[in-house]
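Only one structure is covered here, and it is reproduced in the block below.
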Amino acid sequence: MRHFRFLMVSLVLLAAVTGLVWVGFAPKADAEYADIIINKHADKEGMQPVMFPHWFHRIRFKCKACHEDIFIMKRGANDINMSTIMKGNHCGKCHNGRIAWAPLQCGLCHSVGGNPDGLLTTGTQAPPK
């Protein structure tokens, strides 16, 4: 019985460590057409910027599903942060664990290093040339 318990604890620890290692070394997301970098707060909070896959969402929903009720269609006009998302605003309207996955794994959204060329940014930086 003691060996079984040791084996189970070892497997749980191995799974936890493997998960942490995977998150740390997860590949960075590749940009696609019309993706948007959201970096208004990420750098200040020590997080990687968010790459919002606009086209991925756009091919599934009509524009009015998000604009203007959830997001204002003006660069920098939406003060998106984790507090508003967790309260069910902005991305949290759908990413709430019921409609779409909940925002509990940082690397799913915060997956971009810097501002890749050719992408629209919503932070304080100038758009890429």
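Those letters in the sequence shown? Residues 80 to 208, per my numbering, in order. For each residue, glycine too, the CB sits at the ideal point set by N, CA and C.
Measure the alpha-carbon distance for residue i versus residue j and round it to whole angstroms.
i, j, result
"ASP134", "LEU183", "First, the residue type needs correcting, since residue 134 is Trp and not Asp in the sequence shown. About 23 Å."
"GLY64", "MET80", "Residue numbering for the chain in the displayed model covers 80 to 208; residue 64 lies beyond these limits and cannot be assessed."
"MET87", "HIS146", "49 Å"
"ASP148", "ALA94", "41 Å"
"ALA113", "PHE131", "9 Å"
"HIS82", "LEU92", "15 Å"
"ALA181", "PHE85", "33 Å"
"THR163", "HIS169", "7 Å"
With a 10 Å radius around its C-beta and 16 neighbouring C-beta atoms as the bar for buried, classify residue i as buried or exposed.
i, result
"GLY176", "exposed"
"CYS142", "exposed"
"PRO206", "Confidence at PRO206 is low in this model, with a pLDDT of 41, below 50, so its placement is unreliable and no value can be given for it."
"LYS208", "At LYS208, the pLDDT of 41 sits below 50, so the modelled position is not reliable; the number obtained from the coordinates is stated separately. The residue is exposed, with fewer than 16 neighbouring Cβ atoms inside 10 Å."
"GLY125", "exposed"
"GLY171", "buried"
Based on the DSSP output, what are the partners of residue i in its beta bridges?
i, result
"PHE83", "According to DSSP, which records beta bridges pairwise, PHE83 is partnered with nothing at all."
"MET130", "ILE116"
"HIS146", "PHE150"
Taking residue i as the reference, give the member of the options with the closest Cα.
i, options, result
"LYS153", "HIS82, GLY171 and ILE115", "ILE115"
"HIS189", "LEU90, SER89 and GLN127", "GLN127"
Checklist entry - Does the count of Cβ pairs from the region 116-124 and the region 146-159 closer than 8 Å reach three? => result yes
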